[in-house]
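Novice:
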Amino acid sequence: MTAELCDLTAHDLSAKLAAGDVRAIDVLESTLRRIDQVDERLHTFLTRTEGQARTQAGLVDERVARREEVGPVAGIPLALKDVFCTKGIRTTAGSKILEPYVPPYDCTPWERLQAGGAVLVGKTNCDEFAMGSSNENSAFGPVRNPWNLETVPGGSSGGSAAAVASGQAVWALGTDTGGSVRQPASLCGVVGFKPTYGRISRYGLIAFASSLDHVGTFTRDVRDAATILSAIAGHDPRDATSLPEPAPHYGAGLDAGVQGLRVGVMEDWLGTEGVQPAVRDSVRAAVDRLVGLGATAETASLPHADYALSAYYLIAPAECSSNLARYDGVRYGYRAPGGGDVMEMNMRTRGAGFGDEVKRRIMLGTYSLSAGYYDAYYGQAQKVRTLVIRDYEEAFRRFDVLVSPTSPTTAFRLGEKTEDPLAMYLSDIFTIPSDLTGTPAVSIPCGLSPDGLPIGFQIMGRLMDEATVLRVAFALEQDLRFAARPPLLEALSA
Amino acid sequence: MAEADTAKATRFETVIGLECHVELSTATKMFCGCLNAFGAPPNTNVCPVCLGHPGTLPVPNEKAIEYTIKIGLALGCRIAPHSIFHRKNYFYPDMPKNFQISQYDLPLCVGGHLDIEVDGETHRVGITRVHLEEDTGKTVHGGATGRIGGAEYALEDYNRAGVPLVEVVSEPDMRSAEQARAYLTELRATLESLGVSDVRMEEGSLRCDANVSLRRPGSEELGTKIEIKNLNSIRSLYRALNFEEERQQVALERGEPLIQETRHWDEGKGITTHGRSKEYAFDYRYFPEPDLAPLEPDPQWIETLRAELPELPAARRRRFQDELGLSAHQAGLVASSAEWARFFEATVSAGADPRAAANWMTGDLAALLRETHQSLTAAKVTPEHLAELVKLLDEQVISSAGAKVALAEAFATGASVDAVVEAKGLRQVGDSEALGGMIEQVIEENPAPVEQFRKGKEGVLGFLVGQVMKKSGGAANPKVAAELLRERLSGSG
Chain A
1244 MTAELCDLTA
1254 HDLSAKLAAG
1264 DVRAIDVLES
1274 TLRRIDQVDE
1284 RLHTFLTRTE
1294 GQARTQAGLV
1304 DERVARREEV
1314 GPVAGIPLAL
1324 KDVFCTKGIR
1334 TTAGSKILEP
1344 YVPPYDCTPW
1354 ERLQAGGAVL
1364 VGKTNCDEFA
1374 MGSSNENSAF
1384 GPVRNPWNLE
1394 TVPGGSSGGS
1404 AAAVASGQAV
1414 WALGTDTGGS
1424 VRQPASLCGV
1434 VGFKPTYGRI
1444 SRYGLIAFAS
1454 SLDHVGTFTR
1464 DVRDAATILS
1474 AIAGHDPRDA
1484 TSLPEPAPHY
1494 GAGLDAGVQG
1504 LRVGVMEDWL
1514 GTEGVQPAVR
1524 DSVRAAVDRL
1534 VGLGATAETA
1544 SLPHADYALS
1554 AYYLIAPAEC
1564 SSNLARYDGV
1574 RYGYRAPGGG
1584 DVMEMNMRTR
1594 GAGFGDEVKR
1604 RIMLGTYSLS
1614 AGYYDAYYGQ
1624 AQKVRTLVIR
1634 DYEEAFRRFD
1644 VLVSPTSPTT
1654 AFRLGEKTED
1664 PLAMYLSDIF
1674 TIPSDLTGTP
1684 AVSIPCGLSP
1694 DGLPIGFQIM
1704 GRLMDEATVL
1714 RVAFALEQDL
1724 RFAARPPLLE
1734 ALSA
Chain B
6 MAEADTAKAT
16 RFETVIGLEC
26 HVELSTATKM
36 FCGCLNAFGA
46 PPNTNVCPVC
56 LGHPGTLPVP
66 NEKAIEYTIK
76 IGLALGCRIA
86 PHSIFHRKNY
96 FYPDMPKNFQ
106 ISQYDLPLCV
116 GGHLDIEVDG
126 ETHRVGITRV
136 HLEEDTGKTV
146 HGGATGRIGG
156 AEYALEDYNR
166 AGVPLVEVVS
176 EPDMRSAEQA
186 RAYLTELRAT
196 LESLGVSDVR
206 MEEGSLRCDA
216 NVSLRRPGSE
226 ELGTKIEIKN
236 LNSIRSLYRA
246 LNFEEERQQV
256 ALERGEPLIQ
266 ETRHWDEGKG
276 ITTHGRSKEY
286 AFDYRYFPEP
296 DLAPLEPDPQ
306 WIETLRAELP
316 ELPAARRRRF
326 QDELGLSAHQ
336 AGLVASSAEW
346 ARFFEATVSA
356 GADPRAAANW
366 MTGDLAALLR
376 ETHQSLTAAK
386 VTPEHLAELV
396 KLLDEQVISS
406 AGAKVALAEA
416 FATGASVDAV
426 VEAKGLRQVG
436 DSEALGGMIE
446 QVIEENPAPV
456 EQFRKGKEGV
466 LGFLVGQVMK
476 KSGGAANPKV
486 AAELLRERLS
496 GSG
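These protein sequences, in sequence, are chains A and B. The first sequence begins at 1244 in the numbering used here and counts up one residue at a time. The second sequence begins at 6 in the numbering used here and counts up one residue at a time.
Right, dumping it as C-alpha cells:
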C-alpha cells in the first residue's frame, strides 16, 4: 500500500512542509480522514478538536507561505492524553467526575508545543486518572488495539498509543507513572519514551501519584521521540520538582552508534514466569543485534527490583488518595444531585463519580497512610524505593544501559484480566522500577509474536542520561528496521 | 469565689500552652502568585493553583520562608538545615485541595523561647516550634439562622486560601491567665517589630488557641488538656482562661472527671462551650508533600537575616530605661509596640524630654486614641506636635491644663501646637501687672477664704489660685499667681 501523509514520521513531514511539498492542512486532513475511518472501532478519542486544528494548521501554512522558518513540531498533528489540561477544551482524565470539566489554563507541555505550531487533533481516551494497564478502566469505554480489535492497547495511555499506531496522530503525549507510556507503546508497536523525572514539567498534568508521574511521548520512530522531547523538556518555574538544568538538543548524537557500549541484560526478568516465549526470544535476538553493532552484553541484576511492584502499589495509591481528594463536587466537575449537607454531597459525588479501580486505590492509599499503619506500609515502601535507587546506581557503574522486555506479554484480550487486579498489575512489572527511580527508559518495537502482535524492547538509562538511551534505541531501530503495520490499516488501503 | 481563689492558690496549678497562627504580610500567597490582601470582594484573589484545579502545582514563596526564619530567629529558635512540607489530609469545603500543605515532624524552626514580664518578674516561655503552612478559605453559612446547624446553604470565599500562615507553638510553660496575656502581647509586639504580619486579631491575621489544664502543685504530670478556640482578642484569651481555670477547678473539687476536648469561647456569654471530644479526633494521614522539594535554607542566608533583625521589644524596653530614663512601667507601655516606639523616639528626637513624652503618650494621647478608635499611625497628631507641647509646658509658656486643651485640638485638627496656643489664648499670663487686677477681684469676691488664710490656714491658697486661673480662662501662670497672692495678703496684713 502507499502510506498516507498521516502515516509518515514527523521529521519526514516537517521536511516536506519546509520544502513546500505539502501543506499543514493536507497533513491534517489526511489525519482527520483516518480518524473518521477508524476511531469508531478503536474509540481512541474522548474529545476531537478538528475546528481548532484547522485554524492551527492554517497559521502554519501562512507562516511557511511567508517563508518564515517554522520549527520541527509546526504543522504536525498531535494527540494529548486526556490528563493534560487544555484551556477551553474539555479534559476528563477518563473519569465521570471530570466529565464536564473545561480547564481555565494550559499545561506546560501543550503550551510549549502550541507555541511551536503544533496541531492538536484531540484528547485521547485513557484509564481513569491514569490508573490501569489495559485502558479498560476508562469511564467512557475501552480503547481497542489497532493490531487486533479483540485485544487491549495497554494502559493507561492506551488512546495515545493506539492513535499513533493507527495514523490518527503523528505523535502523542502520554503519562507514565508505572509504565503507562512504555507498556501501551509496546503493545501497540510504537516508540514510547519516558525521560528523567522532572525533565518535563508536570504543571497542568492531572496528578495520579505526584512523585511517580512522568510525561512521556509516543512516536513512530526514535528521531521523532528526540524531537518532541526537545520541544517540551526544560525547567518550568511552575513545577517545583522540575529539573533546573536546561534540556540539551536530543537529536544531536543520535547516530553515534553503540560501539563499546556496555549493555546490562536483565536475565532475572527474562526468566520470570509469565514472560511469553516469543517475547523472550525477540528480546534476546535484539540483544544479539546490539552486540553485532559493537556493544558488549552481560548479565545485570537489580536485587531489590522484585519488591518494586509492592512498593509501587503502596506509594502510588497513598499519593493518589490525597491527590484525588479535591474531586468533591464543590468547585468544578461533576456534582451528584440530591440534598443533605456538604459531606453527604461529597460522598454521593465521589461514590458516583469514581470507578472501581480508582476507589480501590483511594482505599488502599488511605489505609496505608493511616495512623498506626504508616511506618509498616508507606514508610517501608519508601525505604524499598531507596534500595531500588541504590541498585540502579550500582548497576549503572558497570553498565551504560540496562535492557529487558517492556512487558511480559503482548496485547491481551479485553476482559482477560479485569477480574484479577493482581494479574493486571503484573503487566507493569518491568516498567515500574524506572518510575520509582525516576530514570529514563524507552520501549521500541523489536518484533511480532506468532499471532502477529508487537513486542517491545525496553532500554533503561541512568538519571539525566536520556541521550544514551535514545542513541541505543536509534541504533537498534536502524538495525531492526521494524516496518510491520496493523492489519487494520492494510485493510483500509486494500 | 473567694473560696475558689484560696483553693486555686493552694490546691491546683494552672498549666497553659498557646498555639498562635500568624498570617504573613507577603505581597502574594504561599504557593501561587495571587495577591495576599484582606477585604477584597469574595473570590477575586484566586487562580487555578489556589482553587486546587486539577493539574496545578505549588511553588513556595521565598519571602514567606524568609519571614518564618526571621520569626524563628527572633524567638531564639534553631533554623533546621533540612525541613519538609507535609500534607495534612481532611475534607472541608474551604480547603480547595482537601489537604493543607503544612509541616509536621520536620518544621523550619525549633526550640526557642520568649521572655515575658508579669508583676516585675521575668518568665521564660519555651517555644516548641515555628512552622509554615497555607491558610484555608472562609465558609459563610447562609439561610434562616446563619449558624452552621441551621444553615440552608454555605458560600465559599477562597481569597484567603493559600495565604502564608505561620504557627508558633509554645511549651506549656505559663501558669496564669496573666502570663498567657503577657506572652501573646509580647509575641504580637515581636511580630510587629519584625514587620512580617499585620498582627490584627480582629481581622484574623493573628489567631490563638489555648491549651489549659490543672494539676496538683509539684506534680510533674499534666492534667486533662482542654483546647480553647475562637479567641479573637487578647482580652478574650484572658477572660476565657480565667473562666476555664475556674470551671475546671470546680469540677475537680467536686470530683467530676474532665474529658479531653476542644471548647469554644463565647465572647457574648463569657463562657466556653463543648466543641469536639478527643474520640472524634481526625486522622490527618500526614505524608511528605511530593510536589515540593525539602527546604534547605543556605546558612549564609540565615546569618544575613540574623544580622538584619530589627531591635525587638525586650531590647527596646531595656534601652528606653537605661538610656532615656523611663521607668519600667513607662518603658513597657511605650516600647511594646513598634508603632508606639517609633512615635516616642521621633518625639524625643524632636527635642522632648523622654519621660514627659512617655507620660503624655500613655495618658492623654492614649485616651484620645481610645475615644476615637484610631491607631497612632492613622492619627493626625505627630511627634512634632507632642515635642512642641512638652517644650512649651516645660518653658511654662502654657499650663498643663492648657496643654491638655492644645493636645486635644492638635489631635482633632492636625494644627500646630503654636497655632492652637495662639488661637485659643492658652499662653500663660505671668506678669504681675496683668494678674494684679484679677487678684484684687478674687480677694474682694472671697472674703471668707481670705480671712482663713490670714489666720494661717495655708491650704486655702490653692483655692484662691484656682479662682485666679478660672478668671484668666486657664491662661494665668499658677506659680506666679500664688506668689502674688501670698505677697498681697501678707503685705497688707
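From the three backbone atoms N, C-alpha and C, an ideal C-beta is built for every residue, glycine too.
What do you get for E250 of chain B, buried or exposed, if any count of 16 or more other CB atoms within 10 angstroms of its CB means buried?
Specialist: By the 10 Å Cβ count, E250 of chain B comes out buried.
Novice: Would you be able to state if there are at least three C-beta pairs under 8 angstroms between the stretch 219-232 of chain B and the stretch 250-267 of chain B?
Specialist: Counting Cβ pairs under 8 angstroms, three or more are found: they touch.
Novice: Note down, in chain order, each residue of its chain lying with its Cβ closer than 6 angstroms to the Cβ of V1345 of chain A, except the 5 sequence neighbours on either side.
Specialist: So the qualifying residues of the chain are R1333.
Novice: Looking only at its own chain, which residues have a Cβ that is under 8 angstroms from the Cβ of L489 of chain B, when we skip the five neighbours before and after it?
Specialist: Closer than 8 angstroms at the Cβ level, and outside the excluded window around L489 of chain B, lie S437, L440, G441, I444.
Novice: Taking Cβ positions, are L431 of chain B and A480 of chain B nearer each other than 8 angstroms?
Specialist: Against a cut-off of 8 angstroms, the Cβ pair of A480 of chain B and L431 of chain B comes out as a contact.
Novice: Output the distance between the C-alpha atoms of G1331 of chain A and C1369 of chain A, rounded to the nearest integer angstrom.
Specialist: Going from the Cα of G1331 of chain A to the Cα of C1369 of chain A covers about 20 angstroms.
Novice: How many angstroms separate the CA atom of M1744 of chain A from the CA atom of R1591 of chain A?
Specialist: Nothing can be reported for residue 1744 of chain A: it is not among the residues displayed for chain A, which extend from 1244 to 1737.
Novice: At 4 residues or longer, what runs of the alpha helix (DSSP H) sit wholly inside the stretch 411-477 of chain B?
Specialist: Runs of the alpha helix (DSSP H) inside the stretch 411-477 of chain B: 422-428, 437-450, 452-459, 465-476.
Novice: With DSSP as the reference, label M1244 of chain A as helix, strand or coil.
Specialist: Because the pLDDT of M1244 of chain A is 46, which lies under 50, any placement of that residue in the model is unreliable, and the number read from its coordinates should be weighed accordingly. In this structure, M1244 of chain A counts as coil in the three-state DSSP scheme.
Novice: Look at the alpha carbon of C52 of chain B and the alpha carbon of C37 of chain B, and state the distance between them as a whole number of angstroms.
Specialist: Each residue's alpha carbon lies about 8 angstroms from the other.
Novice: Here's a check: name, in chain order, each residue in its chain whose Cβ is nearer than 6 angstroms to the Cβ of K1366 of chain A, leaving out the five neighbours to either side.
Specialist: Excluding residues within five positions, the ones whose Cβ falls inside 6 angstroms are L1289, T1290, L1323, D1325.
Novice: Please check the pair S198 of chain B and L317 of chain B, which I expect to be a contact at CB under 8 angstroms, by giving their CB distance rounded to whole angstroms.
Specialist: Sure, about 6 angstroms apart at Cβ, within 8 angstroms.
Novice: How far does the beta strand (DSSP E) with G1608 of chain A in it reach, from first residue to last?
Specialist: G1608 of chain A -> not in any beta strand (DSSP E); alpha helix (DSSP H) instead, spanning 1599-1612.
Novice: In chain B, what lies closer than 9 angstroms to C1350 of chain A by C-beta?
Specialist: Simply G60.
Novice: Quick check on P299 of chain B: buried or exposed, where buried means 16 or more other Cβ atoms within 10 Å of its Cβ?
Specialist: Exposed, because fewer than 16 other Cβ atoms sit within 10 Å of the Cβ of P299 of chain B.
Novice: Would N164 of chain B pass as an interface residue toward chain A - the criterion being a Cβ-Cβ separation below 8 angstroms?
Specialist: Not one chain A Cβ lies under 8 angstroms of N164 of chain B.
Novice: From A:Q1295, A:R1309, A:A1490, A:V1434, pick the residue whose C-alpha is nearest to that of G1699 of chain A; which is it?
Specialist: Selected option, being the one with the closest Cα: A:V1434.
Novice: Measure from the alpha carbon of V193 of chain B to the alpha carbon of each residue in B:V123, B:G280, B:S341, B:N237, then state which is nearest.
Specialist: Reading off the sequence shown, one finds Arg at residue 193 of chain B, where the question assumed Val. Among B:V123, B:G280, B:S341, B:N237, the Cα nearest to that of R193 of chain B belongs to B:S341.
Novice: Assuming contact is defined by CB atoms lying nearer than 8 angstroms, are A415 of chain B and V425 of chain B in contact in what I supplied?
Specialist: Contact: yes.
Novice: At which residue ranges does the stretch 59-93 of chain B contain complete alpha helix (DSSP H) runs of 4 or more residues, listed in the order of the chain?
Specialist: Fully enclosed alpha helix (DSSP H) runs of 4 or longer: 67-79.
Novice: What does E1562 of chain A reach in chain B if we use C-beta pairs closer than 7 angstroms?
Specialist: Chain B residues near E1562 of chain A: P295.
Novice: When the cut-off is 8 angstroms and only beta carbons count, does T49 of chain B lie next to chain A?
Specialist: Answer no: the Cβ-Cβ gap between T49 of chain B and chain A never drops below 8 angstroms.
Novice: So if I threshold CB-CB distances at 7 angstroms, which residues from the stretch 270-289 of chain B count as touching chain A?
Specialist: Within the stretch 270-289 of chain B, the residues whose Cβ lies closer than 7 angstroms to some Cβ of chain A are D288, listed in chain order.
Novice: Taking only runs of the beta strand (DSSP E) that begin and end inside the stretch 150-192 of chain B, which ones reach a length of at least 3 residues, in chain order?
Specialist: Complete beta strand (DSSP E) runs here, min 3: 158-162, 169-175.
Novice: Going by other Cβ atoms of all chains shown within 10 Å of its Cβ, with 16 needed for buried, is I320 of chain B buried or exposed?
Specialist: First, the residue type needs correcting, since residue 320 of chain B is Ala and not Ile in the sequence shown. The residue in question, A320 of chain B, is exposed, as its Cβ has fewer than 16 Cβ neighbours within 10 Å.
Novice: Could you tell me which chain A residues have their CB closer than 9 angstroms to the CB of G228 of chain B, listed as they occur along the chain?
Specialist: Within chain A, no residue comes near G228 of chain B; the closest Cβ sits about 24 angstroms away, beyond 9 angstroms.
Novice: So, is the C-beta of P1347 of chain A closer than 8 angstroms to a C-beta in chain B?
Specialist: With 8 angstroms as the cut-off, P1347 of chain A counts as an interface residue toward chain B.
Novice: Determine which residues share a DSSP beta bridge with F3 of chain B and list them.
Specialist: Past the boundaries of the shown model lies residue 3 of chain B; chain B is included only from 6 to 498, so the question cannot be answered.
Novice: In the stretch 1321-1335 of chain A, which residues sit with their C-beta less than 9 angstroms from some C-beta in chain B, listed in chain order?
Specialist: Going along the stretch 1321-1335 of chain A in chain order, one finds V1326, F1327, C1328, T1334 with a Cβ nearer than 9 angstroms to chain B.
Novice: The beta strand (DSSP E) spanning K1437 of chain A covers which residue range?
Specialist: Residues 1434-1437.
Novice: Comparing the C-beta of T1680 of chain A with each C-beta of chain B, is any distance below 8 angstroms?
Specialist: Output row for T1680 of chain A: interface = no.
Novice: List the residues of chain A that K102 of chain B touches, going by C-beta distances under 7 angstroms, in chain order.
Specialist: Correct list: A1568, R1569.
Novice: If you measure beta-carbon to beta-carbon, which residues of the stretch 1594-1615 of chain A are closer than 8 angstroms to chain B?
Specialist: Listed by position along the chain: T1609, L1612, S1613, A1614.
Novice: Roughly how many angstroms lie between the CA atoms of T1484 of chain A and T1674 of chain A, to the nearest whole one?
Specialist: Cα to Cα, T1484 of chain A sits roughly 21 angstroms from T1674 of chain A.
Novice: Please check if any C-beta of chain B sits within less than 8 angstroms of the C-beta of N1589 of chain A.
Specialist: Chain B, which has a Cβ nearer than 8 angstroms to the Cβ of N1589 of chain A, makes this yes.
Novice: Would D1678 of chain A and L1455 of chain A be called neighbours here (beta carbons separated by less than 8 angstroms)?
Specialist: Against a cut-off of 8 angstroms, the Cβ pair of L1455 of chain A and D1678 of chain A comes out as a contact.
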